[in-house]
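Going down the list, the protein sequences come from chains B and H. The opening position of the first sequence corresponds to residue -10 in my numbering, with each subsequent residue numbered one higher. The opening position of the second sequence corresponds to residue -10 in my numbering, with each subsequent residue numbered one higher. Where a beta carbon is used, it is the ideal one built from N, C-alpha and C, also for glycine. Since the model is a prediction, treat every value here as computed from it, not as a measurement. One structure is given here, and the rest of the page talks about it.
There are 2 protein chains.
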Amino acid sequence: MKAIPEIAKSFSTEEKIKEAARKVFTQKGYAATRTRDIAEEAGLNLALLNYYFRSKEKLFDIIMTETFQVFMQSIVEIINDEQTTMNEKIEKMVSRYIDTLTIHPDIPLFIISEIKADPKKFMSKTGMSQHFQNSFLKKQMMELAMANKTPLINPLHIMLNMMSLTIFPFVANPIIQNIGGLSKEQFNEMMQERKKLIPIWISSMIAPTGYSADKKQD
Amino acid sequence: MKAIPEIAKSFSTEEKIKEAARKVFTQKGYAATRTRDIAEEAGLNLALLNYYFRSKEKLFDIIMTETFQVFMQSIVEIINDEQTTMNEKIEKMVSRYIDTLTIHPDIPLFIISEIKADPKKFMSKTGMSQHFQNSFLKKQMMELAMANKTPLINPLHIMLNMMSLTIFPFVANPIIQNIGGLSKEQFNEMMQERKKLIPIWISSMIAPTGYSADKKQD
DNA sequence: TTAAAAATTAATCATTTGATTTAATAATTT
DNA sequence: AAATTATTAAATCAAATGATTAATTTTTAA
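Dropping the structure here:
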């Protein structure tokens, strides 16, 4: 009867398994991943996976939670920074997303797919809703709309637009590369361009002269 | 040895299987779908699936191809219509996407996930690249940039923005609903709002006063 | 009506896959 | 060094799953 290994010891193999699992799970998703894939990727025997993590699902939960948390944490810090303006926050978020996703392009599709596969499992414990609703950023957005006498665009739209413009290209990467006829490098260059462009676009949404043909500005 | 049934006959069961397959595949993806799920969804014996379609993979390929083609076809028509302006095309695309995806919200994540799982299998035969590169829309975009003396924003950015702003909310639906604290109905209302907003936003990207209020429209 | 063809079903096969067991090896303790 | 414990590997199990078979029912058409 194998005892469960203590936390401190055998850090190395445990981490090897987690790294392999992170790679294979984010690349192929839970259902398409075989525990044997993970063992092979880690260069370790299959039995170790269950020895250290009891089951595929438990290992997956750990990976999923960690991935999601890392992904959220950096954003939460940015949106609650009381020292930066709204525009600076948007710049920072866009910049951080693009830098992170250039290195780990699989993460968003992974998170989205797995949340969809079992929404209540992951949706409950994140508290994403509060993060945004109570954020300093949301306050700033609403104040700015007042100050500018601009008709208030739901802050959710703005946040959603920032995420859409930034994250979607990575999610739909193979399709986008194909439509644009881009190599991996050209795609990354384009995303670097967008680091500058997206904040400009978002700004122009908030303080718009943008209402084109039918409504003349005066 | 069972003969392969002729095309005309037993339309009903064949269609029942395809409908069931369409539903389950788009909902759960290829890997997470069991052929038994499809049989049950169709209310039919498992063996019929292989009787009519030989294998899970062959059935899947049919569903995938059809789904993708329907999705592309309507867009290709719009972007090559020589009677409409660029702005009208964008309005139409956004509108059609949102209407379609409100009814079939699973389609984009399905297509994206499965293309990612096997890019060469699906990417080759679509010819998406040509569709856009040779489109009347792209010509219009470039001409408009000239005429307006606007610095040319890569038409790919514009197309990508349109798709991002329109499709991403559906792809990330559970997360977006959670962040915004929205019910399914409220989410759909928001997407109806975006039907009007997205074309405005895109316009303001193309002919921008958007660079933080320093350039007046005349 | 009847014989052939096609459609449908229940039972079963073979492979895959998550998980376990048992034995061997390495590390640590006494 | 001997004993104990931790770690690793090979073999195997049991359930899930895609696919097939053989028997039965239904439909077609002569």
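Is the beta carbon of residue i within less than 7 Å of some heavy atom of the ligand ZN?
i, result
"Asn39 (chain H)", "Absence of the ligand ZN from the depicted structure is noted, as is the absence of any ligand whatsoever, leaving it without description."
Please report the distance separating the alpha-carbon of residue i from that of residue j.
i, j, result
"Leu149 (chain B)", "Lys109 (chain H)", "31 Å"
"Glu71 (chain H)", "Met180 (chain H)", "28 Å"
"Ser172 (chain H)", "Glu132 (chain H)", "42 Å"
"Ile216 (chain B)", "Ile189 (chain H)", "Since the displayed chain B opens at -10 and closes at 207, residue 216 (chain B) lies outside it and no answer follows."
"Glu46 (chain B)", "Ile6 (chain H)", "31 Å"
"Lys105 (chain B)", "Lys105 (chain H)", "17 Å"
"Thr22 (chain B)", "Met117 (chain B)", "27 Å"
"Tyr19 (chain B)", "Asp95 (chain B)", "13 Å"
"Ala28 (chain B)", "Arg43 (chain H)", "33 Å"
"Ile92 (chain B)", "Asn177 (chain B)", "10 Å"
"Gln129 (chain B)", "Met61 (chain B)", "20 Å"
"Glu8 (chain H)", "Glu66 (chain H)", "26 Å"
"Asn167 (chain H)", "Tyr86 (chain B)", "20 Å"
"Gln175 (chain H)", "Ala161 (chain H)", "15 Å"
"Tyr40 (chain B)", "Lys17 (chain H)", "30 Å"
"Ile187 (chain H)", "Met75 (chain H)", "14 Å"
"Arg25 (chain B)", "Val13 (chain B)", "10 Å"
"Ser201 (chain H)", "Ser192 (chain B)", "Reliability of the predicted coordinates at Ser201 (chain H) is poor, the pLDDT of 35 falling under 50, and the value obtained from them is presented with this limitation in mind. Taking the straight line joining both Cα atoms gives about 7 Å."
"Ile147 (chain B)", "Phe157 (chain H)", "13 Å"
"Ile68 (chain B)", "Ala31 (chain H)", "48 Å"
"Ala10 (chain B)", "Ala136 (chain B)", "49 Å"
"Leu90 (chain B)", "Ser1 (chain B)", "26 Å"
"Ser84 (chain B)", "Ser84 (chain H)", "30 Å"
"Asp107 (chain H)", "Asp107 (chain B)", "23 Å"
Please identify the residue among the options whose C-alpha is closest to the C-alpha of residue i.
i, options, result
"Thr15 (chain B)", "B:Leu37, B:Ile51, B:Tyr40", "B:Ile51"
"Thr73 (chain B)", "B:Ser113, B:Ser124, B:Leu33, B:Leu90", "B:Ser124"
"Leu35 (chain B)", "B:Ile147, B:Glu3, B:Lys17, B:Glu66", "B:Glu3"
"Gln122 (chain H)", "B:Lys184, B:Gly169, B:Leu145, B:Ile142", "B:Gly169"
"Leu134 (chain B)", "B:Phe49, B:Met194, B:Gln119", "The identity of residue 134 (chain B) in the sequence shown is Ala, whereas the question assumes Leu. Nearest option by C-alpha distance: B:Met194."
"Lys185 (chain B)", "B:His120, B:Ala161, B:Thr155", "B:Thr155"
"Lys114 (chain H)", "H:Thr24, H:Asn162, H:Met53, H:Met152", "H:Met53"
"Asn143 (chain B)", "H:Asn162, H:His120, H:Ile191, H:Glu182", "H:Glu182"
"Phe111 (chain B)", "H:Pro158, H:Asn69, H:Pro163", "H:Pro163"
"Ile64 (chain H)", "H:Arg11, H:Leu145, H:Met152", "H:Met152"
"His120 (chain H)", "H:Glu30, H:Phe157, H:Asn137, H:Leu145", "H:Leu145"
"Asp88 (chain B)", "B:Ala136, B:Asn137, B:Phe159, B:Asp107", "B:Phe159"
Roughly how far, in whole angstroms, is the beta-carbon of residue i from the beta-carbon of residue j, given that I think they are within contact range, below 8 Å?
i, j, result
"Lys78 (chain B)", "Leu126 (chain B)", "5 Å"
"Leu48 (chain H)", "Leu38 (chain H)", "7 Å"
Note to self: Please give me, in chain order, every unbroken run of the alpha helix (DSSP H) with length at least 4 that falls completely inside the segment 140 to 173 of chain B.
What the structure shows: Listed in chain order, they are 144 to 160, 162 to 169.
Notebook entry, point to check: Is it true that the segment 46 to 63 of chain H meets the segment 92 to 100 of chain H, where meeting means three or more beta-carbon pairs spaced less than 8 Å apart?
Noted result: Two segments are said to touch when three or more pairs of C-beta atoms, one from each, lie closer than 8 Å; by this definition the segment 46 to 63 of chain H touches the segment 92 to 100 of chain H.
Checklist line | Every unbroken alpha helix (DSSP H) within the segment 54 to 78 of chain H, with a cutoff of 4 residues, ordered by chain | finding: none
Next item on the list: Scan the segment -2 to 38 of chain B and note each continuous alpha helix (DSSP H) run of 4 residues or more that stays entirely inside, going in chain order.
Entry: Those alpha helix (DSSP H) runs which fall completely within the segment -2 to 38 of chain B and span 4+ residues are 0 to 21, 24 to 31.
Margin query: Suppose only complete runs of 4+ residues qualify. What are the alpha helix (DSSP H) ranges in the segment 77 to 109 of chain B, listed by chain order?
Written below: 96 to 106
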